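Following: one structure in structure tokens, then a few remarks.
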């Protein structure tokens, strides 16, 4: 059972427009959420995160929104640039039964920004 | 430059052989992790270690083994018991804050 879901495998956006990537989760114990960006044959790079005590976090062109009641978060990229073309992974973290924090990843959304 | 080094980048294994993937970090992070990524899938946790000489199984530990004798190093052995070892393997480390990843090792079975 997938605890973190990214229902759109791919997304195409025109350069300069907004990209919106969505993520849903089912585990109410998750309290910290992250977005990673990944290029082919490279490791994921941390992009932005949000704690469950907030509903918005902004860093330059990237903003993450969290709706706890809907168990939904989204990543907004404004304006989108061709260099943003990559796979974006949503990840969630919460205290496990073993007393540690682990990341659970979604399957990723491939963003293509068209010049 | 601080970071995580995974070697080799590409690895080939004959069926029935064990193979060890290297992961070294100079970030002074206490925790280290191994993930597996298959095409169209997210990252799945194999093993993790929060401190030297201690490690725990993740979601898909069967057919894998690890050791954590030094803080900087967390090698992963893919044993012959792993039925479908062909995948992209990623190592990560963290202290307080997000996990940082290496560039991965792609393992293929000949």
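Residue numbers (the numbering used here), protein chains in the order written: chain X, 15 to 129; chain B, 49 to 158. Even for Gly, the Cβ is constructed at its ideal location relative to N, Cα and C. Nothing here was measured: the structure is a model prediction, and the numbers come from that model.
| field | Delimiting residues of the beta strand (DSSP E) encompassing residue 105(B) | value | 102-105
| Simplified DSSP assignment, three categories, for residue 97(X) | helix
| How many angstroms separate the CA atom of residue 146(B) from the CA atom of residue 66(B)? | In a straight line, the C-alpha of residue 146(B) is about 31 angstroms away from that of residue 66(B).
| Unbroken beta strand (DSSP E) run spanning residue 43(X), endpoints | Unbroken run through residue 43(X): none, as it is neither H nor E.
| query | At a CB-CB cut-off below 7 angstroms, which residues of chain B make contact with residue 119(X)? | reply | For residue 119(X), the C-beta contacts it makes with chain B under 7 angstroms involve 90 and 91, in order along the chain.
| What separation, rounded to the nearest whole angstrom, lies between the Cα atoms of residue 101(X) and residue 129(B)? | 31 angstroms
| query | From residue 38(X) to residue 83(B), what distance separates their C-alpha atoms? | reply | Across the structure, residue 38(X) and residue 83(B) are spaced so that their CA atoms are roughly 21 angstroms apart.
| Measuring CB to CB, does residue 20(X) end up less than 9 angstroms from residue 90(B)? | yes
| query | Based on the DSSP output, what are the partners of residue 92(B) in its beta bridges? | reply | 84(B)
| query | Can you list the residues of chain X that residue 138(B) reaches, using a CB-CB cut of under 7 angstroms? | reply | 57
| message | Once the 5 residues before and after residue 59(B) are set aside, which same chain residues still bring their CB inside 8 angstroms of it? | response | 67, 69, 153, 154, 155 and 156
| query | Should residue 123(X) and residue 149(B) be called a contact, given that it needs their Cβ atoms to be closer than 9 angstroms? | reply | no
| Chain-ordered neighbours of residue 33(X) on chain B, where CB pairs are closer than 7 angstroms | Near residue 33(X) there are no residues of chain B at all, since even the closest Cβ is about 19 angstroms away, more than 7 angstroms.
| said: Whole angstroms are fine: how far does the CA of residue 68(X) sit from the CA of residue 64(B)? | reply: 50 angstroms
| What are the residues that DSSP puts in a beta bridge with residue 111(B)? | Bridge partners of residue 111(B): none, in fact.
| message | Using 8 angstroms for Cβ pairs, my map puts residue 99(X) next to residue 127(X). What's the rounded Cβ distance? | response | Yes, they are in contact, since the Cβ atoms of residue 99(X) and residue 127(X) sit about 5 angstroms apart, within 8 angstroms.
| Can you name the residues of chain X whose CB is closer than 8 angstroms to the CB of residue 151(B)? | 55, 56 and 57
| task | Please list, in chain order, all residues of the same chain as residue 131(B) whose beta carbon is under 7 angstroms from its beta carbon, the five residues on each side excluded. | result | 111
| query | Nearest CA to the CA of residue 48(X): which residue from 55(X), 31(X), 71(X) and 94(X)? | reply | 71(X)
| said: Please tell me whether residue 56(X) and residue 102(B) are closer than 9 angstroms, where the distance is taken between their beta carbons. | reply: no
| Does any C-beta atom of chain X lie closer than 9 angstroms to the C-beta of residue 154(B)? | Taking 9 angstroms as the threshold, the shortest C-beta distance from residue 154(B) to chain X falls below it.
| Can you tell which of 118(B), 135(B) and 53(B) has its C-alpha closest to the C-alpha of residue 126(B)? | 135(B)
| query | Which first and last residues belong to the beta strand (DSSP E) in which residue 127(X) is found? | reply | 123-128
| Since residue 105(X) contacts residue 18(X) with CB under 8 angstroms, what's their CB separation in whole angstroms? | About 7 angstroms separates the two Cβ atoms, so the contact holds.
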